[in-house]
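Student: Next up is a structure, given as structure tokens.
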Amino acid sequence: MSDDWNPNDPDASNVMYDLSRWSFDQQAELAAELAEAGVPHTWDDSELVVPETHEAAADSTVTRVEARLGIVYEGDDGDAGVGAAQGRSAAEAPIDIPAGAASTEYDLEDWAESDRQSITNALTAQKIPYRWEDDLLLVSTEHETAAESLMDTIEAGEFAMLPSDDAAPDELPFETLTTFFLAAERLQRNTRDADGLEQLLDALEVADPERRPYGVELTLWLKTCELADALASALVDADEPDHETATAVATDLHDLLRPFV
């Protein structure tokens, strides 16, 4: 990733992705994938902005997330992904585990069918060899770390898909945590990102250390509130924003929440 990219440079060649039909949770998932792939990016409302030099990597990442989350655009003849970036190829065919290669088994009997489809799509998109045997998912042992990371992401995403009506009266919806993550992801890239700051402040308005979001451990929630308050203080409480401190705190908040959203 280049640290010299400035999305506000009028001479910069950027690529825009209209993700207005994506939810906050889906945008957060994509933002995390882009960060992990080392793709520089920022947000303009619901538009994703990346430098033209990273278009191919961004296309690949958007397609992979669309496939994993099952995002389909109405009015596009059922083809996932055509609304976000035109001209990308369909997902590759699954890769079976080569004969004689070591494999690791995962018993996914308790997984919902939608989650099984998600891990199937994710492994296919990542070109990780796998095979289903009834409820057992077999993955090439060589790629088990990557496969387990994908499964952890899908399992964490299950919380975000729960309707807020399922939360107890004294709990916040899980989306509160997701909003903090998305705000941190934006602000660690650019502490002057107005949308990121707005998301942070909106989440802080409803956040209460004594009311954790649905499915979130108390220690994680308390640390999240602590970092979010420190980030807001660095940007809005002083006479002048402390951008250096804000970048460090936003990075800490992003890294804290990354495994859970």
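Sequential numbering of the sequence shown, starting at 1, is according to this note's numbering. Quick reminder that beta carbons are idealized off the backbone N, C-alpha and C, glycines included.
Once DSSP output is grouped into helix, strand and coil, what is the label at Thr247?
Tutor: DSSP places Thr247 in helix when its eight states are reduced to three.
Student: Measuring straight from C-alpha to C-alpha, what distance separates Asp115 and Leu197?
Tutor: Roughly 33 angstroms separates the two Cα atoms.
Student: Could you tell me the distance, in whole angstroms, from the CA atom of Ala167 to the CA atom of Tyr214?
Tutor: Caution is warranted here: a pLDDT of 42 is assigned to Ala167, below 50, making its placement in the model unreliable, and no coordinate value can be reported.
Student: Are at least three pairs of beta-carbons, each pair with one atom in the region 94-101 and one in the region 53-64, less than 8 angstroms apart?
Tutor: In short, these stretches do not touch, since the Cβ pair count stays below three.
Student: Verify whether the separation of the beta carbon atoms of Asn190 and Thr42 is less than 8 angstroms.
Tutor: For Asn190 and Thr42, yes; Cβs fall inside 8 angstroms.
Student: Where does Val236 land, buried or exposed, given buried means 16+ other C-beta within 10 angstroms?
Tutor: Under this definition Val236 is an exposed residue.
Student: Does the distance from the C-beta atom of His243 to that of Phe181 stay below 8 angstroms?
Tutor: No. Outside cutoff.
Student: Classify Glu109 as buried or exposed, calling it buried when 16 or more other Cβ atoms lie within 10 Å of its own Cβ.
Tutor: Exposed.
Student: In the DSSP assignment, what are the bridge partners of Arg211?
Tutor: Arg211 pairs with Asp208.
Student: Output the distance between the C-alpha atoms of Ala230 and Arg131, rounded to the nearest integer angstrom.
Tutor: Going from the Cα of Ala230 to the Cα of Arg131 covers about 46 angstroms.
Student: Do you know offhand how far Ala146's Cα is from Lys127's?
Tutor: If you take the alpha carbons of Ala146 and Lys127, they lie about 11 angstroms apart.
Student: Terminal residues of the continuous beta strand (DSSP E) containing Arg131?
Tutor: Arg131 -> beta strand (DSSP E) spans 130-133.
Student: To the nearest angstrom, report how far apart Glu29 and Asp239 are at their CA atoms.
Tutor: Rounded to whole angstroms, Glu29 to Asp239 spans 34 angstroms at the Cα level.
Student: Return yes when the Cβ of Val206 is within less than 8 angstroms of the Cβ of Thr178, no when it is not.
Tutor: Their beta carbons are not under 8 angstroms apart, which means Thr178 does not touch Val206 by this criterion.
Student: Helix, strand or coil for Val39? Go by DSSP, reduced to three states.
Tutor: Of the three classes helix, strand and coil, the one that applies to Val39 here is coil, per DSSP.
Student: Assuming Leu218 is part of the alpha helix (DSSP H), what are its boundary residues?
Tutor: Residues 218-232.
Student: On the DSSP letters alone, give me the boundaries of the alpha helix (DSSP H) that Leu187 sits inside.
Tutor: Unbroken alpha helix (DSSP H) run through Leu187: 175-189.
Student: On the three-state DSSP scale, how would you describe Asn14?
Tutor: Reduced to three states, the DSSP call for Asn14 is strand.
Student: With distances taken from CA atoms, which of Glu47, Ile154, Asn6, Glu36 is nearest Asp195?
Tutor: The option with the nearest alpha carbon to Asp195 is Glu47.
Student: Between His41 and chain C, is any beta-carbon pair separated by less than 8 angstroms?
Tutor: Among the chains of the structure shown, chain C does not appear; only one protein chain is present.
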